[in-house]
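Step one of this worksheet: look at the structure below.
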Amino acid sequence: MGDTLSVALIGAGYVSGDHAAAWRAQPGASIRCVVDADPHRARSLAADAGIDEWATDFESLIDRPDIDVVDICLPPRLHLEATVAFLDAGKHVLLEKPFVTSLDEARRLLDAEQNSTTTLMVAENWPYSSVARRVRRLVDDGVLGELFMLRAHNESALYMEHDGALAPALQASSAVGGFTMSAGIHNINLASSLMGGIESIYACSPDRSPSAAPFVERDAAMTARFGNGGVGVMHFTGRSLHLGERRLAFALYGTRGMAEFDILHGRVAFTVDGERTQIEERSPSMGFAEEIAHFCECLAGGATPMTSVRQQLEPLATVLAAYQSMYERREVHPADLLAQAGLSTVGTGGAIDV
């Protein structure tokens, strides 16, 4: 690598614009090329980001010596193939969540990572956001006392067409899961990190799916038992018709106080020892720039990324456990799924100071 990281952005869909903006804000990095199977999307994102080069197949970049890093924002069913190819070619990889579609794929990805000399990091941006970092400090400093309950919801209409039909990302022909896999996994990841991991999940959905196909749900509600002994409720919907922007809200309840926060809007409100509620309007940050800064720091210093593949195994297993619970109508333990797959994990950590 030279003094400037040369980056290829693989995929020009919904989240790629956020990644492109974050890379442009990162000193010492430059996007060299945008790739998408749809030439119009590739050309459009390249033009918007001020990038001269675009392509329609990622294979053409695998052996290029002028590419140091690939940022993979492809549909999840294509993640494993692309990531393994670039790791084998000696490229550093930032991989959008959900990073794979099954625990079998996760095992194969871990094998590829172990045999590689480069760095692989999952792009789970919420722990790097300004709100998550503030709440993490409140929890770690004991401001709220011992946590015993959590409430979380993720509401949007991002996955609906104007006529109410499912968006392409949720159509059974291409989907690897529904709204829980594509969006709720953010909430699951952060809830787990704040509450000491997820021991069990009981989930249900008004949608139905045949057992042989991915569960492509638009809505889900679930209860969780956490590793710290606490409990929680989470609900996700991709067809909310409320006015305004998405709602990505949490409430944490502790023995000394409680906190309410929203990842999107940068608002943290907390009450301690029954005193007046303190409201902080923080500069909204969804964590994209901070996660890429952390990734670059790991490349420079050789550290293991906070959102490593192994660290992200539990949120993925929890989503899969939720789908199993929807099918079987019973409580499911994510650790059982990990054990059956022969995988071990590490704690989901928290937010990082960047």
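Numbers in the working numbering are just positions in the sequence shown, counted from 1, shifted up by 1. From the three backbone atoms N, C-alpha and C, an ideal C-beta is built for every residue, glycine too. All values reported here derive from a predicted model rather than from experimental measurement.
Item to complete: Would you kindly work out how many angstroms separate the C-alpha atoms of Pro99 and Val144, rounded to a whole number?
Response: Here residue 99 refers to the residue found at position 98 when the sequence shown is read from its first residue. Here residue 144 refers to the residue found at position 143 when the sequence shown is read from its first residue. Taking the straight line joining both Cα atoms gives about 32 Å.
Item to complete: Just the C-alpha distance for Val177 and Gln279, rounded to the nearest angstrom, thanks.
Response: As a position in the sequence shown, residue 177 is number 176, starting the count at 1. As a position in the sequence shown, residue 279 is number 278, starting the count at 1. Near 41 Å, if we compare the C-alpha coordinates of Gln279 and Val177.
Worksheet item: Between Thr319 and Pro128, which are expected to be in contact by the criterion C-beta below 8 Å, what is the C-beta distance as a whole number of angstroms?
Response: On the sequence shown, position 318 is the one that residue 319 refers to. On the sequence shown, position 127 is the one that residue 128 refers to. No, Thr319 and Pro128 are not in contact; Cβ-Cβ is about 15 Å, not under 8 Å.
Discussion item. For a test of the three-state rule: what should DSSP assign to Cys297, helix, strand or coil?
Written reply: Looking up residue 297 in the sequence shown gives position 296. Cys297: helix per DSSP, three-state reduction.
Worksheet item: Considering only residues of the same chain and omitting the five flanking positions on each side of Val355, which have a CB-CB separation below 7 Å?
Response: Sequence index remark: in the sequence shown, residue 355 carries index 354 (1-based). Note on Val355: pLDDT 41, under 50, position unreliable in the model; no value is reported.
Worksheet item: If you count every other CB in all the chains shown that lies within 10 Å of the CB of Arg33, and 16 or more means buried, which is it?
Response: On the sequence shown, residue 33 is found 32 positions in, with the first residue counted as 1. Arg33 should be labelled buried.
Worksheet item: So, are the CB atoms of Asp69 and Val8 less than 9 Å apart?
Response: For the purposes of this step, residue 69 is taken as the residue at position 68 of the sequence shown. For the purposes of this step, residue 8 is taken as the residue at position 7 of the sequence shown. Their beta carbons are under 9 Å apart, which means Asp69 touches Val8 by this criterion.
Worksheet item: Assuming Ala323 contacts Thr181 under a Cβ cut-off of 8 Å, what Cβ separation, rounded to an integer in Å, is found between them?
Response: The count along the sequence shown starts at 1 and reaches residue 323 at position 322. The count along the sequence shown starts at 1 and reaches residue 181 at position 180. Between Thr181 and Ala323 the Cβ distance is about 6 Å, and since that is below 8 Å, they are a contact.
Worksheet item: Where does Glu54 fall in DSSP's three states?
Response: In the sequence shown, the residue the question calls residue 54 occupies position 53. Here Glu54 sits in strand by DSSP.
Worksheet item: Shortest alpha-carbon distance to Arg257 belongs to which of Arg65, Arg42 and Phe149?
Response: Walking along the sequence shown from the start, residue 257 turns up at place 256. For Arg257, the nearest C-alpha among the options comes from Phe149.
Worksheet item: Pro306 to Arg330, Cα distance in whole Å?
Response: Taking the sequence shown and counting its residues from 1, the one referred to as residue 306 is at position 305. Taking the sequence shown and counting its residues from 1, the one referred to as residue 330 is at position 329. Cα-Cα distance, rounded: 36 Å.
Worksheet entry | Beta-bridge partners of Cys74, as assigned by DSSP | Walking along the sequence shown from the start, residue 74 turns up at place 73. Bridge partners of Cys74: none, in fact.
Worksheet item: Considering only the beta carbon of each residue, do Asn188 and Ala153 sit closer than 9 Å?
Response: Locating residue 188 in the sequence shown gives position 187, counting from the first residue. Locating residue 153 in the sequence shown gives position 152, counting from the first residue. Their beta carbons are under 9 Å apart, which means Asn188 touches Ala153 by this criterion.
Item to complete: Answer yes or no: do Trp24 and Leu10 have a C-beta to C-beta separation smaller than 9 Å?
Response: Residue 24 sits at position 23 when you count from the first residue of the sequence shown. Residue 10 sits at position 9 when you count from the first residue of the sequence shown. Against a cut-off of 9 Å, the Cβ pair of Leu10 and Trp24 comes out as a contact.
Fill in: Residues of its chain near Asp105, where Cβ-Cβ distance is below 8 Å and the 5 sequence neighbours each way are ignored
Numbered from 1 along the sequence shown, position 104 holds the residue referred to as residue 105. Around Asp105: Ala342.
Worksheet item: By the 10 Å Cβ neighbour count, where 16 or more other Cβ atoms means buried, how is Pro66 classified, buried or exposed?
Response: Locating residue 66 in the sequence shown gives position 65, counting from the first residue. Pro66 should be labelled exposed.
Worksheet item: Arg33 lies in the beta strand (DSSP E); which residues open and close that run?
Response: Numbered from its first residue, the sequence shown carries residue 33 at position 32. Note, Arg33: beta strand (DSSP E), Ala30 to Val36.
Worksheet item: Under a three-way DSSP split, which group does Tyr254 fall into?
Response: In the sequence shown, counting from the first residue as 1, residue 254 sits at position 253. If DSSP states are grouped into helix, strand and coil, Tyr254 belongs with the strands.
Item to complete: Can you tell me which of the three DSSP states Glu315 falls into?
Response: Reading the sequence shown from its first residue, position 314 is the one you call residue 315. DSSP places Glu315 in helix when its eight states are reduced to three.
Discussion item. Contact defined as beta carbons within less than 8 Å: I believe Ser326 pairs with Ile202. What is the distance between those atoms, to the nearest angstrom?
Written reply: Numbered from its first residue, the sequence shown carries residue 326 at position 325. Numbered from its first residue, the sequence shown carries residue 202 at position 201. Contact holds; Cβ gap of about 6 Å.
Worksheet item: What three-state label does DSSP hand Val355 in the structure shown?
Response: To locate residue 355, count along the sequence shown from 1; it is residue 354. Only weak support exists for where Val355 lies, its pLDDT of 41 falling under 50; the coordinates are left without a value.
Item to complete: Quick one: using the 10 Å Cβ neighbour count with 16 as the cut-off for buried, is Asp89 buried or exposed?
Response: By one-based count along the sequence shown, residue 89 stands at place 88. Burial call: exposed.
Discussion item. Give me, in chain order, the residues of the same chain whose beta-carbon lies closer than 8 Å to that of Ile321; leave out the 5 immediate sequence neighbours on both sides.
Written reply: The sequence position of residue 321 within the sequence shown is 320, counting from 1. The amino acid at residue 321 is misidentified as Ile; the sequence shows Leu. Correct list, in chain order: Ser103, Leu104, Pro335 and Leu338.
Worksheet item: Excluding sequence positions up to five away, which residues of its chain have a Cβ less than 7 Å from the Cβ of Leu139?
Response: As a working mapping, residue 139 is identified with position 138 in the sequence shown. Taken in chain order, the residues that qualify are Leu145, Ala260 and Phe271.
Worksheet item: Closest by CA to Tyr15, which one among Ile73, Val217, Asp64 and Met223?
Response: Here residue 15 is taken as the residue at index 14 of the sequence shown, counted from 1. Selected option, being the one with the closest Cα: Ile73.
Worksheet item: Should the region 50 to 58 be regarded as contacting the region 279 to 289, the criterion being three or more beta carbon pairs within less than 8 Å?
Response: no
Worksheet entry | Segments assigned beta strand (DSSP E), at least 3 residues, entirely inside the region 191 to 230 | 199 to 205 and 220 to 227
Worksheet entry | Closest Cα partner of Asp91 within the set Pro76, Val71 and Glu82 | For the purposes of this step, residue 91 is identified with residue 90 of the sequence shown, where counting begins at 1. First, the amino acid is wrong: residue 91 is Gly here, not Asp. Residue Val71 is the option with its Cα nearest to Gly91.
Fill in: Whole-angstrom C-beta distance between Arg135 and Glu281, which should lie under 8 Å
In the sequence shown, the residue the question calls residue 281 occupies position 280. In the sequence shown, the residue the question calls residue 135 occupies position 134. At roughly 7 Å, the Cβ-Cβ gap stays under 8 Å, so Glu281 and Arg135 are in contact.
Item to complete: Output the distance between the C-alpha atoms of Ile353 and Ala133, rounded to the nearest integer angstrom.
Response: Sequence index remark: in the sequence shown, residue 353 carries index 352 (1-based). Sequence index remark: in the sequence shown, residue 133 carries index 132 (1-based). Unreliable positioning characterises Ile353 in this predicted model, as indicated by a pLDDT of 49, which lies under 50. The coordinate reading is nonetheless provided below. When rounded, the distance between both Cα atoms is 9 Å.
Worksheet item: Can you list, in chain order, the residues of its chain whose CB lies under 8 Å from that of Ser108, leaving out five sequence neighbours each side?
Response: In the sequence shown, counting from the first residue as 1, residue 108 sits at position 107. In the sequence as presented, Ser is not what sits at residue 108; that position holds Arg. Result list for Arg108: Ala342, Gly343 and Leu344, in chain order.
Worksheet entry | Residue from Gly51, Arg268, His80 and Val85 whose Cα sits closest to the Cα of Glu97 | Position 96 of the sequence shown holds residue 97. Residue His80 is the option with its Cα nearest to Glu97.
Worksheet item: Looking only at C-alpha atoms, which of Thr224, Leu62 and Gly245 sits nearest to His266?
Response: Working through the sequence shown from its first residue, we reach residue 266 at position 265. Minimum Cα distance to His266 is reached at Gly245.
Practice prompt. Please classify Leu6: is it buried, with 16 or more other beta-carbons within 10 angstroms of its beta-carbon, or exposed?
Written response: If you number the sequence shown from 1, residue 6 lands on position 5. Buried, by the Cβ-count rule.
Worksheet item: Fully enclosed by the region 256 to 283, which beta strand (DSSP E) runs are 3 residues long or longer?
Response: 258 to 263, 268 to 273 and 279 to 282
Worksheet entry | Unbroken beta strand (DSSP E) run spanning Phe149, endpoints | As a position in the sequence shown, residue 149 is number 148, starting the count at 1. Counting along the chain, the beta strand (DSSP E) containing Phe149 begins and ends at Leu148 to Glu156.
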